[in-house]
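Colleague:
2 protein chains.
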Amino acid sequence: MEVKEQDLENLQVQLSPEEYVQMLLPLKDALDILSGKWKLQIIFSLKFGRKRFKEIQRAIPGISPKMLSKELKELEINELAQRFVYDTKPITVEYELTDYGQSLKPVVTELYKWGAAHRKRIIGRG
Amino acid sequence: MEVKEQDLENLQVQLSPEEYVQMLLPLKDALDILSGKWKLQIIFSLKFGRKRFKEIQRAIPGISPKMLSKELKELEINELAQRFVYDTKPITVEYELTDYGQSLKPVVTELYKWGAAHRKRIIGRG
DNA sequence: TACGCAGGTTTCCCTAAGTATACCGGTATA
DNA sequence: TATACCGGTATACTTAGGGAAACCTGCGTA
Chain E
4 MEVKEQDLEN
14 LQVQLSPEEY
24 VQMLLPLKDA
34 LDILSGKWKL
44 QIIFSLKFGR
54 KRFKEIQRAI
64 PGISPKMLSK
74 ELKELEINEL
84 AQRFVYDTKP
94 ITVEYELTDY
104 GQSLKPVVTE
114 LYKWGAAHRK
124 RIIGRG
Chain V
4 MEVKEQDLEN
14 LQVQLSPEEY
24 VQMLLPLKDA
34 LDILSGKWKL
44 QIIFSLKFGR
54 KRFKEIQRAI
64 PGISPKMLSK
74 ELKELEINEL
84 AQRFVYDTKP
94 ITVEYELTDY
104 GQSLKPVVTE
114 LYKWGAAHRK
124 RIIGRG
């Protein structure tokens with residue numbers, strides 16, 4: 004059972020419950036990767052280039068080492084960021100957005116555009 | 004202090020911490036509206052046209068009336084769905100996606116595309 | 001010798017999100 | 001008279017996400 008992208012566009016067509024669920028999975032994946040309190044901030048901070056652990060932490064006020072460590076691991080698992088370890092003293096660890104990580108750009112751009120328009124509409128409406 | 008969409012594209016430029024935060028707000032808004040366990044399912048189910056409360060509930064296995072009610076209210080507040088009440092016996096209530104709700108389409112499409120590609124990459128890699 | 005830094009981990013705690021179950025008023029149906 | 005449906009609320013509970021603080025190893029510095 005394959006769900007084609009076109010199905011998203013032509014939702015006049017009634018989908019079966021299973022097709023329906025299949026369609027939601029990729030959406031859920033994408034949302035899971037971007038949501039959470041610190042993910043976007045970390046991604047943004049890495050857009051400026053490689054950074055060390057403490058550098059990221061200093062760049063994001065309020066983040067605890069526990070959360071930073073956890074989120075970086077998730078980014079790594081998803082191949083969005085890469086971890087480099089150098090055998091200096093003390094040890095140096097750097098993180099970098101991967102090329103694949105850059106592929107999030109259109110998604111983030113669409114979210115930003117919609118979110119910005121929505122702010123104007125809803126908040127401006129107050 | 005205004006953040007332009009172009010800034011998103013040209014992240015070579017170093018942003019100040021405040022610009023940085025301003026940039027995250029619309030992203031957070033958009034994500035908040037789409038995340039949560041049932042939002043997408045409700046939006047999808049309404050794409051097929053107007054539906055009554057119980058119809059939506061039957062279409063989404065596992066959702067409790069409490070959650071459905073709560074999520075529909077949020078959609079209404081954000082002007083993504085509209086609630087129609089008819090004075091029949093028993094009362095009839097229908098929900099419909101607004102035209103504005105349709106404006107989410109490009110966002111959802113981008114999320115879907117990226118999520119689907121990501122599934123192939125990460126799960127296929129397993 | 002003691003302190004400090006890098007790069008984290010561990011533990012405990014609190015709150016927000018979501019689940020389960022029961023219930024409500026009004027109406028129709030057997 | 002009892003039961004069921006509609007469109008929800010109310011209450012109590014469990015779980016997931018995140019915060020705060022302490023701690024760890026290894027090394028350099030005063």
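Going down the list, the sequences are from chains E and V. Position one of the first sequence corresponds to residue 4 (our numbering), numbered consecutively onward. Position one of the second sequence corresponds to residue 4 (our numbering), numbered consecutively onward. All residues carry an ideal CB built from backbone N, CA and C; glycine is no exception. In this text, all values refer to a predicted model and were calculated from it rather than measured experimentally.
#1: Which chain E residues are close to Glu-113 (chain V), counting only those with a beta carbon under 7 Å from its beta carbon?
#2: Identify which residue in E:Lys-92, E:Arg-86, E:Tyr-103, E:Lys-31 has its Cα closest to the Cα of Val-111 (chain V).
#3: With which residues is Leu-100 (chain V) paired in a DSSP beta bridge?
#4: Within 10 angstroms of the Cβ of Gly-52 (chain E), are there 16 or more other Cβ atoms? Answer buried if so, exposed if not.
#5: Quick one, which residues of the region 25-52 of chain E are near chain V if we go by CB-CB under 8 Å, in chain order?
#6: So which residues on chain E does Gly-2 (chain V) lean against when the C-beta distance must stay under 7 Å?
#7: Does Lys-40 (chain V) come out as helix, strand or coil in the three-state DSSP assignment?
#8: Residue range of the alpha helix (DSSP H) that Thr-112 (chain V) falls in?
#9: DSSP beta-bridge partners for Lys-54 (chain E)?
#10: Give every residue of the same chain whose Cβ lies closer than 8 Å to the Cβ of Tyr-103 (chain E), excluding the five residues on either side of it in the sequence, and list them in chain order.
#11: Given that Ser-106 (chain V) touches chain E, what residues does it touch there, using C-beta distances under 8 Å?
#12: How about Arg-122 (chain E) and Pro-29 (chain V): are their beta carbons less than 7 Å apart?
#13: Along chain E, in chain order, which residues have C-beta atoms closer than 7 Å to that of Ile-59 (chain V)?
#14: Please name the residue or residues paired with Pro-89 (chain V) in a DSSP beta bridge.
#15: Whole angstroms is fine: what's the gap from Lys-42 (chain E)'s alpha carbon to Tyr-89 (chain V)'s?
#16: What residues in its chain sit with their C-beta under 6 Å from that of Thr-95 (chain E), if we drop five residues either side in the sequence?
#17: From Glu-113 (chain V) to Gln-105 (chain V), what does the alpha carbon distance come to, in whole angstroms?
#18: Name the chain E residues whose beta carbon is nearer than 9 Å to that of Ile-66 (chain V)?
Modeller: Taking the geometry as given:
#1: As a position in the second sequence, residue 113 (chain V) is number 110, starting the count at 1. Close partners of Glu-113 (chain V) in chain E (Cβ separation under 7 Å): Pro-109, Val-110, Glu-113.
#2: Within the second sequence, numbered from 1, the residue matching residue 111 (chain V) stands at position 108. Selection E:Lys-92, E:Arg-86, E:Tyr-103, E:Lys-31 evaluated against Val-111 (chain V) yields E:Lys-31 as nearest (Cα-Cα).
#3: Within the second sequence, numbered from 1, the residue matching residue 100 (chain V) stands at position 97. The secondary-structure analysis by DSSP pairs Leu-100 (chain V) across a beta bridge with V:Ala-84.
#4: What you label residue 52 (chain E) is simply residue 49 of the first sequence in a count that begins at 1. In the assembly as shown, Gly-52 (chain E) is an exposed residue. Its beta-carbon has fewer than 16 other beta-carbons within 10 Å.
#5: Taking 8 Å as the Cβ-Cβ cut-off against chain V, the residues of the region 25-52 of chain E that qualify are Met-26, Leu-27, Leu-28, Pro-29, Leu-30, Lys-31, Asp-32, Ala-33, Leu-34, Ile-36, Leu-37, Ser-38, Leu-43, Gln-44, Phe-47, Lys-50, Phe-51.
#6: Nothing about residue 2 (chain V) can be reported from this structure: the residues present for chain V run from 4 to 129 only.
#7: On the second sequence, position 37 is the one that residue 40 (chain V) refers to. DSSP, read as helix, strand or coil, puts Lys-40 (chain V) in coil.
#8: Within the second sequence, the letter at position 109 stands for residue 112 (chain V). From DSSP, the alpha helix (DSSP H) with Thr-112 (chain V) extends over 108-128.
#9: Taking the first residue of the first sequence as position 1, residue 54 (chain E) is located at position 51. Lys-54 (chain E) is bridged to E:Tyr-98.
#10: Indexing the first sequence from 1 puts residue 103 (chain E) at position 100. If we look at Tyr-103 (chain E) and ignore the five residues flanking it on each side, its Cβ neighbours are Glu-82, Leu-83.
#11: Translated into positions along the second sequence, residue 106 (chain V) becomes position 103. What Ser-106 (chain V) touches in chain E: Trp-117, Ala-120.
#12: Against the first sequence, residue 122 (chain E) aligns to sequence position 119. Against the second sequence, residue 29 (chain V) aligns to sequence position 26. Their beta carbons are under 7 Å apart, which means Arg-122 (chain E) touches Pro-29 (chain V) by this criterion.
#13: For this step, residue 59 (chain V) is matched to residue 56 along the second sequence. Neighbours of Ile-59 (chain V) on chain E: none; closest Cβ ~13 Å, over 7 Å.
#14: Here residue 89 (chain V) is taken as the residue at index 86 of the second sequence, counted from 1. The question names Pro, yet the displayed sequence has Tyr at residue 89 (chain V). For Tyr-89 (chain V), which the question treats as bridged, DSSP gives the partners V:Thr-95.
#15: Reading the first sequence from its first residue, position 39 is the one you call residue 42 (chain E). Reading the second sequence from its first residue, position 86 is the one you call residue 89 (chain V). Approximately 44 Å between the Cα atoms of the pair.
#16: Counting from one through the first sequence, the residue named residue 95 (chain E) turns up at place 92. Taking C-beta separations shorter than 6 Å and ignoring five residues to either side along the sequence, the partners of Thr-95 (chain E) in its chain run Tyr-89, following chain order.
#17: For the purposes of this step, residue 113 (chain V) is taken as residue 110 along the second sequence, with counting starting at 1. For the purposes of this step, residue 105 (chain V) is taken as residue 102 along the second sequence, with counting starting at 1. Cα to Cα, Glu-113 (chain V) sits roughly 14 Å from Gln-105 (chain V).
#18: Within the second sequence, the letter at position 63 stands for residue 66 (chain V). Near Ile-66 (chain V) there are no residues of chain E at all, since even the closest Cβ is about 13 Å away, more than 9 Å.
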